[in-house]
Amino acid sequence: MRELLLFGLGPIGLEVLRAITKGLLKVDKVYAVAPHAEIAKAREILPKLIELDEDVAVKMKFSAVLEIAGPQKAKEYVPKFLMQGNTVIMMTSSLLADDDYMEEIKRITKAYGGRIVVPFGAVGGLDLVNALSVFEDLKVEVEVRRRPEVLADVLREAGFEVDATEDVPVVLYEGSAKEELRKVQKGINTIMAAVLAAGRDVNLRIVADASVKGSKYSLIIESPIAKAKLQAEYEVFEEDPKLSKIMAYSALRALKAVLEGVEVVVF
21 MRELLLFGLG PIGLEVLRAI TKGLLKVDKV YAVAPHAEIA KAREILPKLI
71 ELDEDVAVKM KFSAVLEIAG PQKAKEYVPK FLMQGNTVIM MTSSLLADDD
121 YMEEIKRITK AYGGRIVVPF GAVGGLDLVN ALSVFEDLKV EVEVRRRPEV
171 LADVLREAGF EVDATEDVPV VLYEGSAKEE LRKVQKGINT IMAAVLAAGR
221 DVNLRIVADA SVKGSKYSLI IESPIAKAKL QAEYEVFEED PKLSKIMAYS
271 ALRALKAVLE GVEVVVF
């Protein structure tokens with residue numbers, strides 16, 4: 021029996037529920053840990069959704085756990101899910117930029133048999149990055165462009181007001197991706213997928229750009245055998261402009277791989 025736990029809901033969780041109702045993801049039982057108001061909204065999509073208390077959920081074994089709860093809840097509860105041998109699809113992957121937390125996660129997975137799956141998210145070309153990670157001189161750069169109001173936390177950290185970038189794009193940060201993820205945990209989680217794919221830190225540039233409608237990502241790769249530049253623009257959720265819609269479908273892709281299995285693998 022395929023049992024899925026949604027640890028948190030929000031736009032991503034609701035989109036996954038819609039996919040289940042359309043038959044795009046085959047699941048026998050779906051559980052959720054979330055505020056009652058969000059559960060009620062989710063049941064408008066999937067009436068058979070089972071509500072769980074978080075302290076009950078962490079004692080259970082599921083076919084997969086989709087973590088979409090945010091940094092505070094994820095940091096506390098992901099290790100507990102792993103201790104039950106669960107496979108956790110982790111959307112709040114910026115937590116893994118903390119080396120101590122990463123080591124704790126690795127220790128727990130080795131001891132209890134659970135595992136973490138980090139979806140590719142919004143950065144295209146990470147399969148190429150991962151294939152080239154065997155080269156010591158691989159260089160990877162990711163640029164993120166978003167509207168100033170969406171980057172409010174990063175703007176304040178950089179000493180800008182939200183309305184300071186109305187006329188021209190402003191580079192808010194350029195440097196170590198892991199350093200930025202450690203400082204702004206409510207930031208751009210998908211960047212951690214690039215770090216993991218490369219097997220090392222990558223260069224990150226964050227740009228506040230009022231001309232961007234949704235979110236825009238660029239990836240530059242340089243290696244001894246290949247060079248590449250990829251760009252992608254995404255729509256964002258109206259209810260949460262910090263989230264690109266592609267994140268929901270990246271999570272769905274990971275869930276399908278974990279829950280359904282396939283005979284022919286494109287990896």
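Numbering (our numbering), first residue to last: 21 to 287.
Here a beta-carbon is modelled for each residue, glycine too, at the ideal position from N, C-alpha and C.
Bear in mind the structure is a predicted one, so any value in this text is a computation, not a measurement.
Ranked by how close their Cα comes to the Cα of ILE88, the residues GLU200, ARG165, GLY30, ARG22 have GLY30 in first place. About 7 Å separates the CB atoms of ALA228 and ARG166; that is less than 8 Å, so the two are in contact. Using a Cβ distance threshold of 9 Å, LEU279 and ALA218 do not count as a contacting pair. The stretch 25–39 and the stretch 90–101 touch, with three or more beta-carbon pairs separated by less than 8 Å. With respect to the 9 Å criterion, GLN251 and LYS262 are not classified as neighbours on the basis of their beta carbons.
Taking C-beta atoms under 8 Å as the contact rule, LEU72 and TYR51 qualify, at a distance of about 5 Å.
For the 9 Å CB-CB criterion, PRO168 and ALA230 form a contact.
For the pair VAL47 and SER83, the CB atoms are nearer than the 9 Å cut-off. Rounded to whole angstroms, VAL108 and ALA271 show a C-alpha spacing of 11 Å. The Cβ neighbour count for LEU44, taken over all protein chains shown within 10 Å, is under 16; the residue is labelled exposed. For GLU242, DSSP records a beta bridge to LYS159, LYS247. For a cut-off of 8 Å, the C-beta gap from LYS49 to GLU23 is around 5 Å, short enough to register as a contact. Fully enclosed beta strand (DSSP E) runs of no fewer than 3 residues occupy 49–53, 84–87, 107–110 of the stretch 28–110, in order along the chain.
In the DSSP assignment, ILE226 forms a beta bridge with VAL164, TYR193. In this structure, DSSP gives ILE136 an extended state, which the three-state scheme calls strand.
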